[in-house]
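First residue of the sequence shown? That's 382 in my numbering, and the numbers climb one at a time after it.
Step one of this worksheet: look at the structure below.
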Amino acid sequence: SPKNMELEEDFISSVARRFNVDPSRPILTVVARFDPWKDLNTAIDVYRKVKNHVKDLQLLIVSVMASDDPEGWMYYEKTVRHAGEDEDIHFLTNIIGVNDVEVNAFQRMATLGLHTAIKEGFGLVISEIMWKGKPVVARPAGGVKLQVEDGVNGLLAWETDELAEKVLELLKDENRRKIMGMEAKKIVKERFLTTSHVRRYLRIFLKHL
């Protein structure tokens, strides 16, 4: 699908230019709806704490807006107000031309992913960014614990200060990020792809023939 297919580096660079993102600088990427449960204000707070130490850090908040979702628009406006005038916080939505392939590009240019939801089922966007070889710092809410193994393919924490510490820890350690990123992709491949489930079902079926 456009959201998960391989992309040429030239295309990723062109998307970055189009939306004034600098892929040569550290990027923290959040993909989430504008919804109170996603707690995007905390994502901004985490970014600000980390930016005190990593001055060139950028935050990408990537989302889909629906015209018939007044609550989503209200929360979007609150989140934008919370972000203030910081030019390194980018709100990237379908309203300004961000479609699935651009979401893919933003995930691929990320240094790491951030997920601050306080309530979550299975975080599909977590698996998507993991598939691109990116570690994730997340709150261990609901199904997130099944996707992110603390210290293996990402780091888990609840509180804002601790989330910021985990992000900073990974930003400062490129080798650890790479190892975790490889584990992230491996975990998605082994556990969450439809083809992997089909293989497991076939093995069970053949075993009982």
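The beta carbon of each residue, even a glycine, is placed where N, CA and C say it ideally should be.
No experiment lies behind these values; they were computed from the predicted model shown.
Endpoints, alpha helix (DSSP H) assigned at residue i
i: A397; result: E390 to R399
i: E466; result: Neither: E466 is in no alpha helix (DSSP H) and is coded neither H nor E.
i: N485; result: D481 to M490
i: K436; result: Where K436 is concerned, there is no enclosing alpha helix (DSSP H), given that its DSSP letter is neither H nor E.
i: N422; result: L421 to K432
Residue i - DSSP class collapsed to helix/strand/coil
i: F472; result: strand
i: V502; result: Looking at the sequence itself, residue 502 is Gly, so the reference to Val does not match. Three-state DSSP puts G502 in coil, outside helix and strand.
i: L441; result: strand
i: V518; result: strand
i: L460; result: A small fix is needed here, since residue 460 is Thr in this sequence, not Leu. T460 falls in the helix class under three-state DSSP.
i: T410; result: strand
i: D403; result: coil
i: L551; result: helix
i: D416; result: coil
i: D531; result: strand
i: G562; result: helix
i: R580; result: Per-residue confidence for R580 stands at a pLDDT of 48, beneath the threshold of 50, marking its modelled position as unreliable; the derived number appears in the next sentence. Reduced to three states, the DSSP call for R580 is helix.
i: E509; result: helix
i: A545; result: helix
i: E571; result: helix
i: E540; result: coil
9 Å Cβ cutoff met for residue i and residue j
i: A522; j: A498; result: yes
i: M511; j: N485; result: no
i: A491; j: K513; result: yes
i: S444; j: V412; result: yes
Spatial neighbours of residue i in its chain, beta-carbon cut-off 8 Å, leaving aside the 5 residues before and after
i: H471; result: F400, N401, V402, Q439, L440, L441 and I442
i: L544; result: T423, V427, L495, T497, V518, R520 and A538
i: H434; result: L549
i: E468; result: none
Option nearest residue i by Cα separation, candidates the options
i: S382; options: E483, G502 and E564; result: E483
i: P407; options: I476, Q488, K567 and F503; result: Q488
i: F415; options: M386, K436, L388 and W454; result: W454
i: L549; options: E389, P516 and N480; result: P516
i: S448; options: V412, V396, N475 and N556; result: N475
i: D420; options: L536, Y457, S394 and G478; result: Y457
i: G502; options: W418, D391, S405 and P404; result: W418
i: E546; options: R429, S394 and S405; result: R429
i: I393; options: A565, M561 and V479; result: V479
Neighbourhood of residue i by C-beta distance below 7 Å, restricted to the same chain and skipping five residues each side
i: L388; result: N485, A486 and R489
i: N385; result: N485, E509 and W512
Opening and closing residue of the beta strand (DSSP E) in which residue i lies
i: G524; result: That residue, G524, is in no beta strand (DSSP E); it is neither H nor E in DSSP.
i: G494; result: L493 to H496
i: G535; result: G535 to L537
Cβ neighbours of residue i in the same chain (closer than 6 Å, five flanking residues each side left out)
i: V569; result: S508, M511 and W512
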